[in-house]
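See structure below.
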Amino acid sequence: MRAPLPVSERILVIKLSALGDFVLSIGSFQAIRAHHPRAHITLLTTAPFAELGRALGCFDAVWIDSRPPLWRPGAVWALTRRLRGGAFTRVYDLQRSQRTGWYFRLAGRPPWVGTVAGCTWRYVPPPDADTTMHILERETAQLALAGVPPPQPPELSALAARADITRFALPERFALLIPGSAPHRPLKRWPAARYAALAGTLAAQGTTPVLIGGAAEQAERADIIAACPRARDLGGQTDLFDLIALGHRARLAVGNDTGPTHVIAATGCPTLVLFSRDSHPVKSRPPWPAVRILRRDSLAELPFDEVLAQVHVLAKDG
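The opening position of the sequence shown corresponds to residue 0 in numbering that gives the first Met the number 0, with each subsequent residue numbered one higher.
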């Protein structure tokens, strides 16, 4: 066995949330690791993403940020001690938020790759970036300032191997349907009745519809199953590793703009993502080759036939 390389740098990578954004940054994590092969790299994230962060193989340590209110002196002091005690030689702020701008100051202004004023490698996005630039484009430009090559599509096959989806006893041909969204974002949902019609069409064509989601859309999934008894409901039964493994095996996927859809799309699964005015595909779509996008101001205005036409294209291409 080859002896480990001596540590030459201590790197901190900050990415706190949300699931879709975290998945978009996996290629950046892998690019940072490749650029700093001898570094000790720590990820600062939030509890929901800690296990995924550890499993990626990019990080030597994962710290959980409880995001304490900045007006609580005790919590802020503990965070300050931790950041400064890390003795980081470089920090990649991939969250790029007002909060992580405060972390720059709490950490004692170490060499920092981010957007906060006064940092070493400051990326200033164009004024129209929110409407013209994808998040990953901005992240690529930010990393380039510090000499990191452009991120590649994420490599997730090792994560798929961590899941045992044989317990679901799925058939050879299945498609994933993701009819939900965050409970406070109902505008991001295509009507359940149209998902039910899509499930019925897929089943009639020999592809088993498999529903993904959580408690927030249990009623929608129940309606779909009632309309299409051949569909399978895996709601509440899957973790992130299961989603990755399912994405590797599925024939295709159709979902709203929500975290599980982004996870599945990142596996290379042919995926159709449905956007409403509640989010902007130019900014946050999964930017992978096998992904297609449909958008309406209200997803209630998106007709079934238009979605089905794109599903047929995905099935043919896949």
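Beta carbons: idealized from backbone N, C-alpha and C, even for Gly.
None of the values given here were measured: they were computed from a predicted structure.
- Query: Anyone know if the C-beta pair for V253 and L176 falls short of 8 angstroms?
  - Reply: For the pair V253 and L176, the CB atoms are nearer than the 8 angstroms cut-off.
- Query: For the putative contact between A265 and L155, defined by C-beta atoms under 8 angstroms, what is the C-beta separation to the nearest angstrom?
  - Reply: Going by Cβ atoms, the distance from A265 to L155 rounds to 6 angstroms, so yes, they are a contact pair.
- Query: Candidates L93, L245, T119 and A249: which alpha carbon is nearest F21's?
  - Reply: Distances from the CA of F21 to each of L93, L245, T119 and A249 were compared; the closest alpha carbon is that of L93.
- Item | the region 178-188 contacting the region 275-284, beta-carbon criterion three pairs below 8 angstroms | In short, these stretches touch, since the Cβ pair count reaches three.
- Nearest-angstrom beta carbon gap, W120 and L144 [assumed within contact, 8 angstroms]: About 4 angstroms separates the two Cβ atoms, so the contact holds.
- Query: For A299, does the count of other Cβ atoms within 10 angstroms reach 16, so buried, or fall short, so exposed?
  - Reply: Note on A299: under 16 other CB atoms within 10 angstroms of its CB, so exposed under the neighbour-count rule.
- If you count every other CB in all the chains shown that lies within 10 Å of the CB of D163, and 16 or more means buried, which is it? Label assigned to D163: exposed.
- Query: To which residues does DSSP link V90 through a beta bridge?
  - Reply: The partner list for V90 (beta bridge, DSSP) reads L11 and W111.
- Item | Nearest residue (CA-CA) to A157, options S27, R53 and A191 | Nearest of S27, R53 and A191 to A157, Cα basis: R53.
- Query: Can you tell me whether DSSP reads G254 as helix, strand or coil?
  - Reply: Residue state for G254 is assigned as strand, using DSSP reduced to three classes.
- Task: For A60, write down the residues that DSSP places opposite it in a beta bridge.
- Result: A60 is bridged by DSSP to T41.
- the region 240-250 contacting the region 123-133, beta-carbon criterion three pairs below 8 angstroms: In short, these stretches do not touch, since the Cβ pair count stays below three.
- Query: Which word fits E216, buried or exposed, when buried means at least 16 other C-beta atoms lie within 10 angstroms of its C-beta?
  - Reply: Under this definition E216 is a buried residue.
- Excluding five sequence neighbours on each side, which residues of the same chain lie with their C-beta closer than 7 angstroms to the C-beta of E305? Excluding positions up to five away in sequence, the list reads L293.
- Item | Nonlocal neighbours in the same chain, by C-beta distance under 6 angstroms from D296, ignoring five residues either side | Hits under 6 angstroms: R276.
- Message: Quick check: what's the CA-CA separation for G117 versus G19?
- Response: Computed Cα separation, rounded: 29 angstroms.
- CB of A159 within 8 angstroms of CB of H35, strictly: Contact annotation: A159 and H35 have beta-carbon atoms that are not nearer than 8 angstroms.
- Task: Could you tell me whether the region 67-76 touches the region 25-40, using the rule of 3 or more Cβ pairs below 8 angstroms?
- Result: Result no; under three Cβ-Cβ pairs closer than 8 angstroms.
- Query: With burial defined as no fewer than 16 other Cβ atoms inside 10 Å of the residue's Cβ, what is the status of S7: buried or exposed?
  - Reply: By the C-beta density criterion, S7 is exposed, having fewer than 16 other C-beta atoms within 10 angstroms.
- Go ahead and pull the three-state DSSP assignment for P228. The answer is coil: DSSP assigns P228 none of H, G, I, E or B.
- Message: Please classify P322 as buried or exposed, where buried requires at least 16 neighbouring CB atoms within 10 angstroms.
- Response: An answer regarding residue 322 cannot be provided, because it is not within the stretch 0 to 317 covered by the chain.
- Give me the Cα-Cα distance between I63 and G84, rounded to the nearest whole angstrom. Each residue's alpha carbon lies about 15 angstroms from the other.
- Task: Ignoring anything shorter than 3 residues or poking outside the region 124-192, list the beta strand (DSSP E) runs there in chain order.
- Result: 173-177, all fully within the region 124-192.
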